[in-house]
Structures are given as C-alpha cells and as structure tokens.
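Order-wise, the sequence lines are chains A and B. Numbering of the first sequence is given in the numbering used here, commencing with residue 267 and proceeding in unit increments. Numbering of the second sequence is given in the numbering used here, commencing with residue 267 and proceeding in unit increments. Below: one structure, written as structure tokens.
Protein chains: 2
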Amino acid sequence: MENFEFYRPTRYIFGIDTEKKVGEVVSGYGYKKVMLVYGGGSVVRSGLLERIEKSLSQSGIEYVKLGGVKPNPRADLVYEGIELGRREQVDFMLPVGGGSVIDTAKAIALGIPFEGDFFDIYQGKAKPKTALKTGVVLTIPAAGSEGSNSTVIQKEVDGKVLKLGCGSDFNVPLFAIMNPVLTYSLPVYQIACGVTDMMAHIMERYFTNTRGVSVTDRFCEGLLCSIIDSAIIAVRDPENYDARANLMWAGTMAHNNICGVGREQDWATHHLEHQLSALYDCAHGAGLAVMFPAWMEYNLNHDVMRFAQFANRVFGCDMNFSDPKETALQGIRNLRSFLHDIGMPLSFADIGASENDIPKLLNLLGVDEGEHTEGHFVVLRRSDCEKIYRIAAKFDSSTVY
Amino acid sequence: MENFEFYRPTRYIFGIDTEKKVGEVVSGYGYKKVMLVYGGGSVVRSGLLERIEKSLSQSGIEYVKLGGVKPNPRADLVYEGIELGRREQVDFMLPVGGGSVIDTAKAIALGIPFEGDFFDIYQGKAKPKTALKTGVVLTIPAAGSEGSNSTVIQKEVDGKVLKLGCGSDFNVPLFAIMNPVLTYSLPVYQIACGVTDMMAHIMERYFTNTRGVSVTDRFCEGLLCSIIDSAIIAVRDPENYDARANLMWAGTMAHNNICGVGREQDWATHHLEHQLSALYDCAHGAGLAVMFPAWMEYNLNHDVMRFAQFANRVFGCDMNFSDPKETALQGIRNLRSFLHDIGMPLSFADIGASENDIPKLLNLLGVDEGEHTEGHFVVLRRSDCEKIYRIAAKFDSSTVY
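Structural data, given as structure tokens:
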C-alpha cells in the first residue's frame, strides 16, 4: 500500500424531499447571495428550479440564475458566469443538475477570485489560491462531481477542442443534497450513461500495479456489484426508489476516492474517451462503454490474475484455475453483455465514430512514442492508444448476446 | 433505504513516517498549545512520544502532557484533563494512542468549554454547544475513534459502573495521522481484540431490518473479507506492512459510518459487552468475541436469509438452497472458528466471567420487560438479554476446531 491523504469534507444530505431544505442549509453557512447554475429543460419543466428558488427566498437568500449548461460543459458559459458572479457579488455557487452543471459551477467558483484566465488553471499554467464555496443539488447520478475534488471543462484553443480537468481541494463541495426521486424523470439512456461513468470511475482505480490494498479492492468490487444489480432494476423500473438511491450514492462513492486510496490509478480510458466526446459530442458514459472493454482487452496480458479477480468477484465468473485467462476474458465478455443489456453502445459504429478519425483522436489526445504517454497500469504510447481505438472501432456489437 | 446525513470531515494522513509531520500539521491549523494525551508504557518506551514532542517543538507548538489513560477509560482522568487544559489554556487536543486515549481526549475537548459536569453530556442530561478540536496520532487500530463522532467513558455513579457513549459532530477529529508501522509492537492478543472490535462495528450495522441498501451491504461485506484476510496474516507475521495497513484503514472505515448509512443499526451487542468489560475489566474486543456469536445464534430465526447472506459473502459458505438455515449456522460457526484462530475468547469461562453474575450484568445493562430494551434488529427485553448471556456462558470453546 502507498502512503496517501484522504480528505472529503462534503456533507451529504440524502433522501426524499431533502431539496426542500436547501435554503435553510445555505443560510446555515451564512451565505447571502448565490448563483444558481443549471442546464435547461427538465430542471425548469419539473418545477424543481422553482422549488429551489422558493426555498432560498424563504430563507432570505438572494440569487442570480445562470442556465444553459450543456453536456461536455464549455468554457464560454464559465466566462459568462464569472462576469455575472463578479457583477452581482455572489458569495456561493449552487449548481442544480449533474456533472456538467456542477463542473461549470466549480469552474466559476475558481474563476471569480482568480485574476487571469480561469482556463490557465485547467491547462496547468496556474494554480488556484482560493475559490468560492459550492453546494450541490444533484439530479443526475453519474460524474460523482458532488463529492469529488475535480472539474472538467471543454474549450477550443487554436482550433483544437481541449477537454481538461482540474483537481484541487477547493473543488470539493461543501454539501450535496441528493434526492433519488429527482432522478426518476431521466431517460433510460441517461441512466445507463451514468452507470457506465460510475463503473469507469471505479475501474480506473481498480486496475493498478500497487499490491496489498485489499480494503480498496473490496470497496471497488462491492460497489461495482451494487451498481450492476441496481442498474438492471433501474432501467426496467425507473421509479424503483431503492435502485435509484443505491445508484445515486454509488455514483458519489465511485469518485470521492474512497475506491482509490493507497495506490496508483490509471485514467487512460477517461482520456481516450474525452477525445471521442470532444469530436463527436457523444455522452461521456457512452464513450466509456465503447473504450473500457477495448482498453481491457488490450491490457489483459499485463496482469491476467487481476482481470480474473475482477471477473470472479464482480461478475461471479467461476475461476478457471487451469486457465485463468479464460476467466479474465469471460469478465470482459460479461462487462460488454451488461453494458449492452442496459442499452450502451460498444463500438465506434454505435456512436457514429469512424475508424478513419483515429489519427485525429490521437492528435487530440496528444500522445507520442516518447514522453507523452497515457495511463499507469500499462503506460500507453501513441501506437498503443491507436491499437485500443482500433479494437473499439472494429468491435461488432451484434456479437454480444 | 432510509434518508440520512453523512458528514465526516476528518483529514486522514496515512502511511510510513507520517507522524513526523504532526507539528507541521497542527501549526498549519494555527493552534498554539496542545494537550498530549497518552496511555503509558509503549508510547513512551518506543520513543514515539519523544518524536511527537520534538516535531511539535520544531514547529513552535507548546504542549502539556497527560499520561496514564487506561483501557475502558475512566472519568477521573477526564476531570484531571479538563482542569489541566483550563489552567494551561490549551487550544487543541492531541491524543497519541488507541480508542481509550482518543475517547479521553474527546471527553476533555467537550469538557473544557462546558460549564457543568462533563459526564452529564454522556448521561444525556446536557448537550454540548462547542468543543476543542482534536487531532489524532493513532497507534492501535480497533475502536475507529479517529474517524468517528463518538466517545465512550466509564464512571462509577452511586456504586454502579456506568460505561456510556456520546455521539456528536463535535467529536469528529480534525485529522488523523495513521502510520501502520507504529502498530508493529502491539501484542498479538491486542491485534486480535482490535480486529474483533472492527468486525463488531460493521456487524452492528449489517444486521438490520432496512431493505434495499446494497451499497452499504457490499461495503460491510467487503470490509469484513479484507479484515479477515489481513488479520490471519497479521497475527502470524506482525511486521507485514500491507496486512497492518489494511487493518488500520479498515478500523477507520468500520466505524466512520460509511458502513451504516441509509438504515437502522443494532448496537445491542456493544451494550451487552460493555457490562462484561465494566464488571471484569476484560478487553472490549475480547468481550465482543464472546457476545457476538451468542447474539447471532439467539437472533438467527428473525432473518435466516440475512445470516445466510453473511455466511455466503463474508465466509464464502456455499448457499444451501434447500436449507438456508444450515448456511446461516455455518456462518456463525466460521465466525467462531476465525475468532478462535486469532486467539480470541468465545465463552464466559474464557474471560473469567461467571454465569452467576448474569443478574448483575442485566442490572448494569438496565433492561426490563417493558420500555427499557436493547437493539433494533430484534428488540431485546431483559429475558432475551438473559438468554443471550446464557448462550455465551454455556458455550464450550473446546468444541471449536
């Protein structure tokens, strides 16, 4: 096990009707004027935004609104939010939505007190010294941003679409209000994308070369089991409260790093995927469903027993003691079958991507054969990444049963 | 799943040599004068206390010392600490040790700013309004107090030994420094007591009537698996770093309530045990090893499938689909075998307790046939508690293989 620090001071307020407390909670911290950040459609249509506004007003909290956040959130709206926040002197950020909305609010929270261009922080050119605090009303369990120290923003720089992340203690939300009922109206496809994103957050931490971290291993495996069981129920019966509640909580636990402490993590697949969603604007979860099994296939021989452990403990595959690789491969097959069952794409064709774009994806990824590599479990050079993209491009989803 | 709040803002600093940072960490928070609380023997003999003092001095932190904490920590020393703290105007509590030392420091932290008798808080007669902050240097993984909101203190009141707990956000430590190497010198018996305590913290949360909390179930089961695997290594090879590191981290996760959210918890066994350690001054973990299997045996028929799930997922027992009770019973047998393997007592005789004292234990417990009951999984009246004590009294440890 490696040395680590773990600090996740978010206060989770979980369950039915909890969003009604938002005004009381914000005012309990002494904030006076918040920026409500949201996407569009459903938060407004469902009346949730109105309920939040009412709760704030009843607690004497002023607010300004910034709507229109899109998936794969863009820098444009962040700049707009920073200007709005400074002009209106807001002292607290309140995103109402999923990962894109939360990440936009976190970016604005970093940007308001920052003197330069906030995207310099994402590009690693500057470090934040402070940030506004953020509280979350979560409506889409997926990204885990409600309990994480990270935010991802997309910006076109010199004709290239950059999708970059920033990790910092400043980004950890003060509180997260999580009512599973608010997720009932999500389309099944979006539930499945969220499920895939959560699983990927765990698997990026699970495939590691660090040995002797059994607590973290067991947390990863148990959480994956719970997500799989709950997802199968949720896509058939979207108003099953317990399935929705377990998925919502699992999404947080998948990315607050409790499944990652004490060891090296990988994250190559997330970066491979970011280029897909940047280029084709597909859902992040959908891109991950295409890329993760491909990454696993390519790296299988690096540690067959690790993949066999995954197959056995997560998918209940019998261990083949005379040929562990068979068990390992069965785990990947089961992962693809599960993703297929919940309606996820598995190949380039399924998301409208083209094998001919692989050089473009590799350029966006910025890998080469030398110092610019991806991942840690296996360090991937440009030629490795190309082969992984090619596995995903050539995969034939009709072979999955 | 039930509604819940989860807020655990402790900063964990985990790994080799981390105790050397203690001065820097305390001074980072701006504290000036700390009270070092510790037991005696090994912390002094090993040179750890001296290293802590040196680190504090190097960071310009003043300190006063309060040694002599005993297992099943007593109120006397708390009163002494409160007086010392007020006189010396300490602004921070720094326990160096295990659960008893941390709980004593937490009690002093509550008591210093409290106007009345601190034990009124433990007796439920008063509520704390503030407390000094506490930071921990952990040397004994067991109680989980380094990440919990609780503290237990023992006091003789009107000739009766009361062992009472207090739960409050004020009790959650600001930080916990956890170096597994510091646990190498623990006697094997104390490792085993710690292991039993951790397992009991999880099992008190696992046996519940609340349905549909699979994330929490899986965390419980996974953590128990990791503890069992690590304990078997640690008692044979006390300097196995990974085994010690997993046990140390597991002890925290077992009691920071990540294994308890979203459902009703039991806690009858802890209360049944507290009377054993109050009366016989046995180790808390040893008392739990005697009481938990007895509690399980008595309550088996309340939810056979729950005990079968425990047996299957924690001890890998094959599910007997035609007779689930057989699987459930095998789980209890496996738990006793495991506890026996690591050197724990399993019966009254093993800890020098007498079946004749059962009425005395029941009086200490304060249960009756009416409103004063114990537990939630099964609500236990005095006659039930008597039967559970009797199972533990009559158990013959020589039957365990």
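Cβ coordinates follow ideal geometry from the N, Cα and C atoms, glycine included.
Between the alpha carbons of residue i and residue j, how many angstroms are there, rounded?
{"i": "Asn567 (chain B)", "j": "Ile279 (chain B)", "result": "43 Å"}
{"i": "Glu652 (chain B)", "j": "Leu554 (chain B)", "result": "16 Å"}
{"i": "Asp463 (chain B)", "j": "Ala408 (chain B)", "result": "6 Å"}
{"i": "Glu316 (chain A)", "j": "Glu285 (chain A)", "result": "11 Å"}
{"i": "Asp369 (chain B)", "j": "Gly351 (chain B)", "result": "16 Å"}
{"i": "Arg579 (chain B)", "j": "Gly582 (chain A)", "result": "12 Å"}
{"i": "Ile491 (chain B)", "j": "Arg484 (chain A)", "result": "According to the sequence displayed, residue 491 (chain B) carries Cys and not Ile. Looking at the two C-alpha atoms, the distance is approximately 8 Å."}
{"i": "Ser308 (chain B)", "j": "Val423 (chain B)", "result": "31 Å"}
{"i": "Leu230 (chain B)", "j": "Glu592 (chain B)", "result": "As displayed, chain B neither begins before 267 nor continues past 667, which places residue 230 (chain B) out of reach and without an answer."}
{"i": "Met444 (chain A)", "j": "Val356 (chain A)", "result": "23 Å"}
{"i": "Cys459 (chain B)", "j": "Arg529 (chain A)", "result": "28 Å"}
{"i": "Ala619 (chain A)", "j": "Ala659 (chain A)", "result": "8 Å"}
{"i": "Pro559 (chain A)", "j": "Ala574 (chain A)", "result": "14 Å"}
{"i": "Asp342 (chain B)", "j": "Val292 (chain B)", "result": "27 Å"}
{"i": "Met557 (chain B)", "j": "Ile654 (chain B)", "result": "8 Å"}
{"i": "Arg471 (chain A)", "j": "Gln531 (chain A)", "result": "5 Å"}
{"i": "Pro361 (chain B)", "j": "Ile624 (chain A)", "result": "57 Å"}
{"i": "Thr518 (chain B)", "j": "Ile524 (chain B)", "result": "10 Å"}
{"i": "Asp283 (chain A)", "j": "Arg340 (chain A)", "result": "31 Å"}
{"i": "Phe576 (chain A)", "j": "Met465 (chain B)", "result": "25 Å"}
{"i": "Phe473 (chain A)", "j": "Glu268 (chain A)", "result": "15 Å"}
{"i": "Arg311 (chain B)", "j": "Ile617 (chain B)", "result": "28 Å"}
{"i": "Asn506 (chain A)", "j": "Lys320 (chain A)", "result": "28 Å"}
{"i": "Ile327 (chain A)", "j": "Leu376 (chain A)", "result": "22 Å"}
{"i": "Leu545 (chain B)", "j": "Leu627 (chain B)", "result": "8 Å"}
{"i": "Ile608 (chain A)", "j": "Phe385 (chain B)", "result": "55 Å"}
{"i": "Trp561 (chain B)", "j": "Ala594 (chain B)", "result": "13 Å"}
On the CB-based measure, 16 or more other CB atoms within 10 Å of its CB, does residue i come out buried or exposed?
{"i": "Val454 (chain B)", "result": "exposed"}
{"i": "Tyr295 (chain A)", "result": "exposed"}
{"i": "Lys372 (chain B)", "result": "buried"}
{"i": "His540 (chain A)", "result": "buried"}
{"i": "Tyr304 (chain A)", "result": "buried"}
{"i": "His638 (chain B)", "result": "exposed"}
{"i": "Val645 (chain A)", "result": "exposed"}
{"i": "Asp589 (chain B)", "result": "exposed"}
{"i": "Lys421 (chain B)", "result": "buried"}
{"i": "Glu563 (chain B)", "result": "buried"}
{"i": "Asn622 (chain A)", "result": "exposed"}
{"i": "Arg353 (chain A)", "result": "exposed"}
{"i": "Glu487 (chain B)", "result": "buried"}
{"i": "Met469 (chain A)", "result": "buried"}
{"i": "Arg324 (chain B)", "result": "The sequence given here places Gln at residue 324 (chain B); Arg does not occur at that position. Looking at its Cβ environment, which holds fewer than 16 other Cβ atoms inside 10 Å, Gln324 (chain B) is exposed."}
{"i": "Asp650 (chain A)", "result": "buried"}
{"i": "Met359 (chain B)", "result": "buried"}
{"i": "Gly365 (chain A)", "result": "buried"}
{"i": "Tyr667 (chain B)", "result": "exposed"}
Just to confirm, are residue i and residue j a CB contact at a threshold of 7 Å?
{"i": "Arg648 (chain B)", "j": "Glu635 (chain B)", "result": "yes"}
{"i": "Pro439 (chain A)", "j": "Val402 (chain A)", "result": "yes"}
{"i": "Ile374 (chain B)", "j": "Gly347 (chain B)", "result": "yes"}
{"i": "Arg502 (chain B)", "j": "Thr449 (chain B)", "result": "no"}
{"i": "Ser613 (chain B)", "j": "Ser663 (chain B)", "result": "yes"}
{"i": "Ala497 (chain B)", "j": "Val461 (chain B)", "result": "yes"}
{"i": "Gly390 (chain A)", "j": "Asp508 (chain B)", "result": "no"}
{"i": "Ala534 (chain B)", "j": "Gly641 (chain B)", "result": "yes"}
{"i": "Arg599 (chain A)", "j": "Phe441 (chain A)", "result": "no"}
{"i": "Met514 (chain A)", "j": "Pro611 (chain A)", "result": "no"}
{"i": "Ser480 (chain A)", "j": "Asn629 (chain B)", "result": "no"}
{"i": "Arg274 (chain B)", "j": "Asn522 (chain B)", "result": "yes"}
{"i": "Gly382 (chain B)", "j": "Ala392 (chain B)", "result": "yes"}
{"i": "Val330 (chain A)", "j": "Met301 (chain A)", "result": "yes"}
{"i": "His467 (chain A)", "j": "Gly551 (chain A)", "result": "no"}
From the DSSP output, read off the bridge partner residues of residue i.
{"i": "Leu361 (chain B)", "result": "Residue identity differs from the one stated: residue 361 (chain B) is Pro in this sequence, not Leu. Paired residues: B:Val303."}
For the ligand SAM, is there a heavy atom less than 6 Å away from the beta-carbon of residue i?
{"i": "Asp547 (chain B)", "result": "This structure simply doesn't include the ligand SAM, nor any ligand for that matter."}
Could you pull out every unbroken beta strand (DSSP E) segment of at least 3 residues lying fully inside the stretch 388-449 of chain B, listed in chain order?
-> Listed in chain order, they are 401-404, 416-423, 426-433 and 441-444.
Kindly provide the ranges of any alpha helix (DSSP H) runs that are 4 or more residues long and lie completely inside the stretch 267-340 of chain B, ordered along the chain.
-> Taking only runs of at least 4 residues, the alpha helix (DSSP H) segments lying wholly in the stretch 267-340 of chain B are 288-294, 307-311 and 314-324.
In chain order, each alpha helix (DSSP H) run of at least 4 residues that lies wholly inside the stretch 596-659 of chain A = Within the stretch 596-659 of chain A, the complete alpha helix (DSSP H) runs of at least 4 residues are 624-631.
Can you give, in chain order, each stretch of the alpha helix (DSSP H) that sits fully within the stretch 522-591 of chain A and has at least 4 residues?
-> Counting only runs of 4 or more, we get 534-546, 550-565 and 570-581.
In chain order, each beta strand (DSSP E) run of at least 3 residues that lies wholly inside the stretch 452-476 of chain A = Listed in chain order, nothing qualifies, since the stretch 452-476 of chain A has no complete beta strand (DSSP E) run of 3 or more residues.
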